[in-house]
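Counting in the UniProt record's numbering, the sequence shown runs from 1 upward without gaps.
Virtual Cβ for every residue (Gly too), placed ideally from N, Cα, C.
These numbers come from a predicted model, not from an experiment.
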Amino acid sequence: MLLNVIAREPEQEGGMARPPIVLLHGLFGRARNLGFFQRRLARTRRTLAIDLRNHGDSPHGPMDYNSMAADLLETLAHHAALPATLVGHSMGGKVAMTLALTRPGMVHSLLVADIPPARTGHGQFSLGEQMLRVKFPPHLNRAEADTLLARDISNTDVRALMLQNLRLGDNPGWTIGLRDIVSSMTNIESWPYIPEGYSYPGPTLFLAGGNSPYIRPEHYGVMRRLFPRYRLELIEKAGHWLHVENPTRFAALLEDFVEQY
């Protein structure tokens, strides 16, 4: 499956000589959510922000991490963007890790934001079901949509993210493959089977939100086994949406990592 890509060429001469940087959003996100970081990175590097399956403007279908990694590989090959530096948040981080472990030669380096290579138990199944229950009127503007979603989604940050997945105006509704996402939620919350002996030998940086429950000490062993060159950085005063809650620190760590490799 070819995915929708927002590509930016490097502003500085010589940027095409280095591996491209690929940005992967989390569940219910989309490529354009990462525009702030993409614009910063595009000063010196070729960048591709990608809508994963069922998200943004990409095609819809059942989801599991092996299929999503295959989508990513096919899309990057189509854009002559291999090997690449992969940067993924949450679900996007799991897609990036899956590709790195199964096709390590296609991944130059890897940054994973606030997700371990494991089932975490902090899923969004209830949010998906709430979204499916929303009853849309014949016409909807943005202010009306915010009021409508507030009945089921009280968190303003989450609601702002969901508003980007709405078709407004006449015949409003969800633009994302919501039913496919909800029916695949068990796969999304899980971690795929990785055969014994598989690992990714390249440089790997895990970023964890200081207030997030996702990456915990019990994950360090599997992180070391699968990603022997990993290091972990904590972003204080941030939860799971660390790139939204502390974008300055996130950008600094991201830019430092990609410049090193």
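| Stretch pair the stretch 44-51 + the stretch 7-14: three plus CB contacts closer than 8 angstroms | yes
| DSSP-derived helix/strand/coil call for H79 | The residue labelled residue 79 in the question sits at position 79 within the sequence shown. DSSP places H79 in coil when its eight states are reduced to three.
| Cβ distance (whole Å) where L101 is taken to contact Y220 below 8 angstroms | Mapped onto the sequence shown, residue 101 falls at position 101. Mapped onto the sequence shown, residue 220 falls at position 220. About 17 angstroms separates the two Cβ atoms, so there is no contact after all.
| task | Excluding the 5 residues preceding and the 5 following L234 in the sequence, name in chain order all residues of the same chain whose CB lies nearer than 6 angstroms to its CB. | result | Taking the sequence shown and counting its residues from 1, one reaches residue 234 at position 234. A208, G210.
| query | Where DSSP assigns a beta bridge to V158, which residues make up the other side? | reply | Here the question's residue 158 lines up with position 158 in the sequence shown. Partner(s): none; V158 has no beta bridge.
| query | Going by other Cβ atoms of all chains shown within 10 Å of its Cβ, with 16 needed for buried, is F206 buried or exposed? | reply | Numbered from 1 along the sequence shown, position 206 holds the residue referred to as residue 206. F206 comes out buried.
| Can you name the residues that DSSP bridges to W174? | Mapped onto the sequence shown, residue 174 falls at position 174. Paired residue(s): L166.
| query | Within the chosen definition, does the stretch 78-85 reach the stretch 16-34 through at least 3 CB pairs nearer than 8 angstroms? | reply | yes
| request: Determine, using beta carbons only, whether K184 and M63 come nearer to each other than 8 angstroms. | output: Translated into positions along the sequence shown, residue 184 becomes position 184. Translated into positions along the sequence shown, residue 63 becomes position 63. Reading the sequence as shown, one finds Ser at residue 184 and not Lys. The answer is yes: Cβ separation under 8 angstroms.
| query | Which residues mark the beginning and the end of the alpha helix (DSSP H) in which V222 is found? | reply | Walking along the sequence shown from the start, residue 222 turns up at place 222. Its alpha helix (DSSP H) spans residues 220-226.
| How many angstroms separate the CA atom of N165 from the CA atom of P172? | Residue mapping note: residue 165 aligns to position 165 of the sequence shown, counting from 1. Residue mapping note: residue 172 aligns to position 172 of the sequence shown, counting from 1. Cα to Cα, N165 sits roughly 11 angstroms from P172.
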